[in-house]
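Written below as structure tokens is the structure these notes are about.
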Amino acid sequence: MARTSILLTSVAMAAVVIGIALPAAAQVTPDTQAAPATADGEGEAITVTGTRLAQPGVMSNSPITTVDAGEIRLQGATNIESVLNRLPQITPDSNENVSNGSDGTAKVNLRNLGNNRNLVLVNGQRLLPIQATDLNFIPSFMIQRVDVVTGGASAVYGSDAVSGVINFVLRDNLNGVKADVQYGFSAHHNDNAGYRGRIGAANFDNAPRSPVDGQRFDANIALGANFAEDRGNVTAYFGYRDVKPILQYNRDVSACALDPVFTGTPPVATSLTCGGSSNNQYGRFVPLRPGIAADGYNNTIDGNKTWVQYDNSFRYNYAPLSYFQRNDTRYTAGAFAKYEVTPAVEIYGSFMFMDDRTNSQVAPSALFQGYNYGINCNNPLMSAQQAALLCGADAAGTSATQDVYIGYRPVAAPARPRRDDLRHTDYRVTGGLRGEIAKGIRYDVNALFSTVIFNETYQNDIDPARANRALKVDLVGGVPTCRSVIDGSDPNCIPLNVFQFGGPSAAALNYVYAPTSTEGLDKETVLSGTINFDGGEYGVKLPWADTGIAAVVGIEHRRESLEFRADALAQAKGTKESSGAFNVTEGFTEIRVPIVENRPFFEELSLTGGYRFSKYSISGKGISTYKGEVAWAPSRDLRLRGGYNRAIRAPNISELFQPQFVGNVASQDPCSGKAPKASLTQCQLTGVTAAQYGNIIECPSEVCSGFFGGNQALRPEEADTYTAGMVLTPTFVKGLTLSVDYFNIKVKNYIGVIAVPLTISQCIATGDPFFCALFNRNPRNGVLFGGDNNTAGYVTSTTQNTGSLATSGIDIGFAYAMNTAIGGFDVNMQGTWLNDLTTEPLPGLGSYDCKGLFGGTCGQPSPEWRHQARFTWSSPDDKGSISLNWRYIGPTALSFNTSNASLKDTPYAVNSRLPAANYFDLAASATVMKELTLRVGVNNLLDRDPPALAQGVLSSFGNGNTYPGVYDVAGRTFFVGLSAEF
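Counting from 139, one number per residue, gives the positions in the sequence shown under the numbering used here.
Following this line, the structure appears as structure tokens:
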């Protein structure tokens, strides 16, 4: 009945829309980016994305995909990264579905080369410091269009534009009032028999059948006015967004953490089971003394003070309380102003502000394995049996202290999930002067100042130092008392009873729980000036061309700084403070030479070149970037274009100055457990001794430790980008546009890390001394995990200049519009065929291609083909439309099962292949009054489930047993919105 109700609701919404009738279709299209021309042939000299040349009729020769405001509204998007993540050129990155480890930001990853290799602009200027880029800062309500330049653009925009730029063109000339309000929610039906059967078999609670959650409310208003006889304008906007969370418990796919079941020799993962964490709610103990098996002991389920041998039946299901979608509250405000004093002097500026607060939530904290806890052997809170197993028969009952690994989550009391309170307060101010100082000569001098303030408070986390004091207990007058109270070092200590299920008192828990706080401050200053010259005004042109030679020269100075501070407790737990700054001064030029125009077979033939010289304070060396482009239009029906860009990316301030630290990483130690997957000989290469082999504790929850951090000796990356394509707009098929563009990008000496899973697999498979030397096992017990920087075992994965990244493929854009007696029909499609996505981790040590693969080192799925297509009908009076969007994600295979030595790992029969995913979204809008437009929509109309994956195959941006940035995890979502402009 619930499912029928939801389906009927979907149909009813569509029926209402059809009865009302709706406005023009939204579009995701290829865009030639020509500056407009007026009716008398005079064009307005504006700058288009991909070039700094300001000349009437100029076009960018870089391939560009444009998303207009209508497309954003028809997707019901309140966060712009979700719109961009649907484009086939973009791989999802930091987003609202990331919980554990989230920094609260939203980023975009163009060409799957990393979010730090594409530059984000607002109206042609940098958004925020590159390491602090956050698309939450963008008021989607104010977007006119988004231009995605899918080719290198460092010669035009400077460092970071390796894979391209994303330019948000915001409306800055409103003359009136514009308002918009939208509400939405998710209504998923949990009916996957396979998922639910697995959860039931583990005696866990299944997800509710028909949860309604993830509610979204978004309200915005903008006001603008022209003044001084339309020579000036002020436009201001205000926005509020509130998003409710989705718990992993509320979806079948994520209600329990999935582990693989290995069978056979050699082992193969043949099925999935509900697993969990060995840091369990009953209490696991592994004494750190000779002769103790790696499994250790566990408190019994009945609550008695008795230890039994640990096994997987004690594992804790840490999934239910974790967020699948974070809550979020955002306030935005801003203003744009301009005033033309004379044609030679126009004053302009802008102010943008955001206050965004979100929470990531994961399972309750614990006394985690990996910390060295000490318990005195005569602790009165434990039984004689426990004392004998902990300390041995000789030491039991004495005042000696025994080190032990403890995995204990005190969830018998009301559970306290760990919550990371993440708050970003951002400011961005721009100002400048521009104008035409002579016919065809324009200038623009401007300044940009941006500040990102990041405040983080980590709540409900157990302080290991306090827990350690609370575990050392003696009797004083028959009352258990902390030794730190007795000696006066900590009079607030409360004894912690971890020796039975439900043992800790409320007072003890209040003592060991302690929040930590950190603060980051990122600043960026950009001073820039350009002069544009249109030679056509002075007859500077070639004999066969009608348009003059155009050129621009400019200079830019940029300074960035970073400060990161932590409170005393955060520092005690391993967080390190850092600070740093650098500046760069750059000179650049760009020139366009029309060679032939308006001749037979040469409607246009032009060349464009660009050059930029950059000098960084860190290295003191100069760096050159440059580009060359050609365009040939044999007729008005066909335009051919091609280009080469030499791009650079200097290390950003985080890569340079981030402190080094031990952190978690999704992986597993093949040398751990009673029956290690790797041989003794292989494990000895990683630092395992013969005595440790077969006794090493497994990384809890498939999470080991890596050693990460910055490096001030980093050198800039260099990239070569080639593009070649065509745009077909045949006059004999009115309304048709077809673009086909080839791209080829290779980044050399790329700044990155040697991924921990890659290091582990390479050392085990090849014995390469380079990879094997990156292991740093805990010498005491050989583990590869731990939370203490001084005692943890880990795999080194610090930032360095590594090998190369390369990708190539073909983008295809198609648009067709046709008017008939029954209305207009419109089709728009953007697709990408991926030819390769190749990484060479280090020069000469082999490479791997992640095309068509997912998991492990390859991370999120990289299908060979992806597309998005929208089909729209518009009413004959152009007051309404109905639109169906089709998202296609091609099939991918698990990288572990390949023959490539850099990727292969223990094979999986289960999860060996992810099938193609098809999502359909229905949306519509209608003009219900002269100034009022209604829109309604249903995303994921068929309520398709995401694929369920084992934790061990997930890596970057995996969450809830799947890849939520790639696949729809919320289920069927509804939205309704109203917009008005008058």
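In this text, a Cβ means the ideal position worked out from N, Cα and C, and glycines have one as well. All values reported here derive from a predicted model rather than from experimental measurement.
Judged by beta-carbon spacing, V933 lies within the 7 Å limit of T897, meaning their Cβ atoms are closer than that value. Between Q419 and K382, the gap from beta carbon to beta carbon reaches 7 Å or more. In the displayed model, N344 falls within coil according to three-state DSSP, outside both helix and strand. When the Cα atoms are used, T867 and H1005 turn out to be separated by approximately 21 Å. The C-alpha of A788 is placed about 24 Å away from the C-alpha of G982. In this structure, the beta-carbon distance from G863 to Y954 does not fall below 7 Å. The three-state secondary structure of G725, taken from DSSP, is strand.
In this structure, DSSP gives G994 a helical state, which the three-state scheme calls helix.
In this chain, C394 is not harboured by any alpha helix (DSSP H), its DSSP state being neither H nor E. In terms of CA proximity to A893, S935 leads the group S935, G188, R309, E484. Note on geometry: alpha-carbon atoms of D974 and V1107 lie some 28 Å from one another. Non-local C-beta neighbours of Y333 in its own chain, meaning closer than 8 Å and more than five positions away in sequence, comprise D390, V391, A393, D1083, A1086, ordered along the chain. A residue is called buried when at least 16 other Cβ atoms come within 10 angstroms of its Cβ; L1080 does not meet this threshold and is exposed.
With 16 or more neighbouring CB atoms inside 10 Å of its own CB, D807 falls in the buried class. As computed with DSSP, F846 is found in a beta bridge with F799. Nearest to S762 by C-alpha distance, out of E855, A1118, S415, is E855. In this model, R547 and R784 are separated by some 53 Å (Cα to Cα).
A distance of 7 Å or more separates the beta carbons of A719 and S744.
With 16 or more neighbouring CB atoms inside 10 Å of its own CB, W1011 falls in the buried class.
DSSP, reduced to helix, strand and coil, places E1069 outside both helices and strands of the structure shown, so it counts as coil.
In the DSSP assignment, D494 is bridged to R468, H562. Closest by C-alpha distance to A475, out of G487, D466, N465, is G487. Excluding five sequence positions before and after E694, the CB atoms of its chain that fall closer than 6 Å to its own CB belong to S666, E724, given in chain order.
For L410, the enclosing beta strand (DSSP E) stretches over residues 406 to 412.
In terms of Cβ geometry, T229 and N253 do not form a close pair [threshold 7 Å].
Spanning the alpha carbons of V965 and L700 requires a straight line of approximately 47 Å. Rounded to the nearest angstrom, the gap between the Cα atoms of R697 and R915 is 40 Å. Distance from N217 to T243 at the Cβ level is roughly 11 Å; contact not present, criterion being Cβ atoms closer than 8 Å. P772 sits in a strand when the DSSP states are folded into three classes. According to the DSSP assignment, Y831 belongs to no alpha helix (DSSP H), since it is labelled neither H nor E. The DSSP-derived three-state label of Y387 is helix.
Y880 is positioned such that its CB atom lies closer than 7 Å to that of I948.
Sixteen is the threshold: since fewer than 16 other Cβ atoms of the shown chains lie within 10 Å of the Cβ of N442, the residue is exposed.
For T819, the three-state secondary structure derived from DSSP is helix.
By the Cβ test, the stretch 669 to 685 is in contact with the stretch 566 to 580, since at least three Cβ pairs between them sit closer than 8 Å. Pairing P518 with L613 gives a Cβ-Cβ distance under 7 Å.
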